[in-house]
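Residue numbering for the sequence shown follows my numbering, starting at 756 and increasing by one per position.
Cβ atoms here follow ideal geometry from the backbone N, Cα and C, with glycine treated the same way.
Let me begin by presenting the structure, written as structure tokens, before commenting on it.
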Amino acid sequence: MFLFCCGAVVAAPQRVIISGEVQATSAQPVYCPPSNTSPVVLRYYVSEGTKVKRGDVVVRIDAGASAALIQALTAQIEQTDARVAQEVATLNVAAIDAERAWVDADALFRKAEVDAAIPKQHLSALDYDRYQGERVRTERDLALRLKERDAATAAVARRREDARLEIDKLTQDLLYNQAQVALSEVKAEVDGVIVHGFNPWRGDRFDEGSSAWPGMKVGEIVDRGPMTVVAYALEADRSALSVGQRVRLRFDARPDLKLEAVIGSISGAPAAKAEMGAGRYFTVHIPLANSADLGLLPASSVRVEPIAATAVAATNGVKP
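So, in structure tokens, the structure goes:
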């Protein structure tokens, strides 16, 4: 009988190193402004590394005709205001003249009424008929002057209302175009440093003059708040990673800094990431404890190496 010793050899775990970057957890994402056309050109984009304050314009695209229309509408509103003021003043003068004519006609009518009230026996037949005819004439003239006065007053009110509607329409057009211009730019909501992003389809970095699609993330504004590490693992390396696994972190900007951390989460499905290269990548989030004391800068590159469990070789022997 032969004695056979069967040994089970456990292969050493494959060493996996993935790349990532430091990200600020409180960073403000910067998205390409909305537009009726796509792609759009980033006409203005603050240089990377520039410190911005709340309210500063970070990104701006071409607002189309809206920017030019703002100046035209502003001038048109001023011109319309001046023209309407002149027209209303002219109508007011006409209304005042009509009021004066009505007052004069009213005075003549009252005098004619007094003359017409003189008893017939105290006047000659000719004077009596003349006074009666004058009363009828002045009464008709008073009615005409009253209509002219009312028409002149109504013309002033009507022109003012028309002017209000005209200026309101121009104002609404101005507000609309101002809103279009405001939508064509992105302002900083926090104080921080601008970091340009990468085009997820082509892999090139966004910069002033680059093309982007509306709603696409083109960068972010980071501050010196809490930091986290976001790494990207190829599909082939996913099996070497697990949530809760300890990893070693090496920072290219800080060769002296060596940290150990724990994987917090891993994305459920891989996605293409052109700036990382060909293939599909899982996103790995690694929280950093006390990151404010580490002196790390956002967008710094990181190398992540999983700490594998101790390999144990088991050997089975068969005794004779």
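Compute the beta-carbon to beta-carbon distance between S1055 and F1006, rounded to the nearest angstrom, for a pair I have assumed lies under 8 Å. Yes, S1055 and F1006 are in contact; Cβ-Cβ is about 6 Å, under 8 Å.
Taking S699 and G1050 to be in contact with their CB atoms under 8 Å, please state how far apart those CB atoms are, rounded to whole angstroms. The question about residue 699 has no answer, for the chain in this structure spans 756 to 1075.
Would you kindly check if the distance between the Cβ of G974 and the Cβ of V785 is under 7 Å? Between V785 and G974, the gap from beta carbon to beta carbon is short of 7 Å.
Under 8 Å by Cβ, that's how I've got L828 and D928 pegged, so tell me the actual separation to the nearest angstrom. Their Cβ separation, rounded to whole angstroms, is 6 Å, which keeps L828 and D928 in contact under 8 Å.
Within its chain, find whatever has a CB closer than 8 Å to the CB of I1041; leave out the 5 residues flanking it on each side and keep chain order. Excluding positions up to five away in sequence, the list reads G775, T983, V984, V985, A986, V1002, L1004, A1016, V1017, I1018, G1019 and V1059.
With DSSP collapsed to three states, give me the class of S994. S994: helix per DSSP, three-state reduction.
Just curious, the beta strand (DSSP E) that L901 is in, first and last residue? Taken as a continuous stretch (DSSP letters only), L901 belongs to no beta strand (DSSP E), being part of the alpha helix (DSSP H) at A880 to L938.
Quick check on R809: does DSSP put it in helix, strand or coil? In the structure shown, R809 sits in coil (DSSP, three-state: anything other than H, G, I, E or B).
Local conformation of M971 per DSSP, three classes: In this structure, M971 counts as coil in the three-state DSSP scheme.
Residues of its chain near K806, where Cβ-Cβ distance is below 6 Å and the 5 sequence neighbours each way are ignored: The residues V948, in chain order, have a CB closer than 6 Å to that of K806 in the same chain once the five nearest residues on each side in sequence are set aside.
DSSP three-state label for A856, please. Annotated three-state conformation of A856 is helix, per DSSP.
When you compare the CB positions of P794 and S939, do they come within less than 7 Å of one another, or not? In this structure, S939 does not lie closer than 7 Å to P794 by Cβ.
Keeping to the same chain, check which residues put their C-beta closer than 8 Å to that of R1096; ignore five residues upstream and five downstream. Outside the modelled stretch of the chain, which goes from 756 to 1075, sits residue 1096, for which no answer is possible.
Give the range of the beta strand (DSSP E) segment to which V795 is assigned. Here the beta strand (DSSP E) through V795 covers V795 to Y800.
Delimiting residues of the beta strand (DSSP E) encompassing A820: Going by DSSP, A820 is part of no beta strand (DSSP E) at all; its letter is neither H nor E.
May I have a chain-ordered list of the beta strand (DSSP E) segments no shorter than 3 residues that lie completely inside the stretch 997-1063? With a minimum length of 3 residues, the continuous beta strand (DSSP E) runs that stay inside the stretch 997-1063 are 1001-1006, 1009-1017, 1035-1042 and 1056-1061.
Please confirm whether V812 and K942 have their CB atoms less than 7 Å apart. Cβ atoms of V812 and K942: closer than 7 Å.
With 16 other CB atoms within 10 Å as the buried threshold, where does Q778 fall? With 16 or more other Cβ atoms within 10 Å, it is buried.
C-alpha gap between R913 and R904, whole angstroms: So the two alpha carbons sit approximately 14 Å from each other.
Going by DSSP, name the residue or residues bridged to A986. The partner list for A986 (beta bridge, DSSP) reads G775 and V1039.
Would you call the stretch 894-908 and the stretch 814-834 in contact, with 3 or more CB pairs under 8 Å? With fewer than three CB-CB distances shorter than 8 Å, the stretch 894-908 does not count as touching the stretch 814-834.
How would you label N791, buried or exposed, when you count the other beta carbons within 10 angstroms and need 16 or more for buried? Label assigned to N791: exposed.
Check for me: the beta strand (DSSP E) holding S785 runs from which residue to which? A small correction: the amino acid at residue 785 is Val; Ser does not occupy that position in the sequence shown. For V785, the enclosing beta strand (DSSP E) has its first and last residue at Q783 to Y786.
Provide the residue span of the beta strand (DSSP E) that contains G952, from first to last. Note, G952: premise wrong, no beta strand (DSSP E); not H, not E.
With a CB to CB cut of under 6 Å and the five nearest residues on each side skipped, what residues in its chain are close to V977? Taking C-beta separations shorter than 6 Å and ignoring five residues to either side along the sequence, the partners of V977 in its chain run A779, A782, G947, V948, V950 and P1053, following chain order.
With DSSP collapsed to three states, give me the class of I976. For I976, the secondary structure class from DSSP, reduced to helix, strand or coil, is strand.
Take the Cβ of L925 as the centre, count every other Cβ of all protein chains shown within 10 Å, and call the residue buried at 16 or more, exposed below. Taking all protein chains in view, the Cβ of L925 is crowded by 16 or more other Cβ atoms within 10 Å, so the residue is classified as buried.
Using the Cβ count rule (16 or more neighbours within 10 Å means buried), how would you classify V998? So V998 ends up on the exposed side.
Is it right to say I1062 is buried, meaning 16 or more other beta carbons lie within 10 angstroms of its own, or is it exposed? When all chains shown are included, I1062 counts as exposed.
Supposed close pair V911, A850 - CB separation, criterion 8 Å: Confirmed, about 5 Å.
Close-in-space but distant-in-sequence residues of the same chain around L846 (CB under 6 Å, 5 per side omitted): The residues are A910, V911 and R914.
Residue(s) in a DSSP beta bridge with R960: In DSSP, R960 forms a bridge with F953.
Spell out the partners DSSP gives V1084 in its beta bridges. Lying before the first or after the last residue shown, residue 1084 is absent from the chain, which here runs from 756 to 1075.
Pick helix, strand or coil for V945, following the three-state DSSP scheme. Three-state result, V945: coil.
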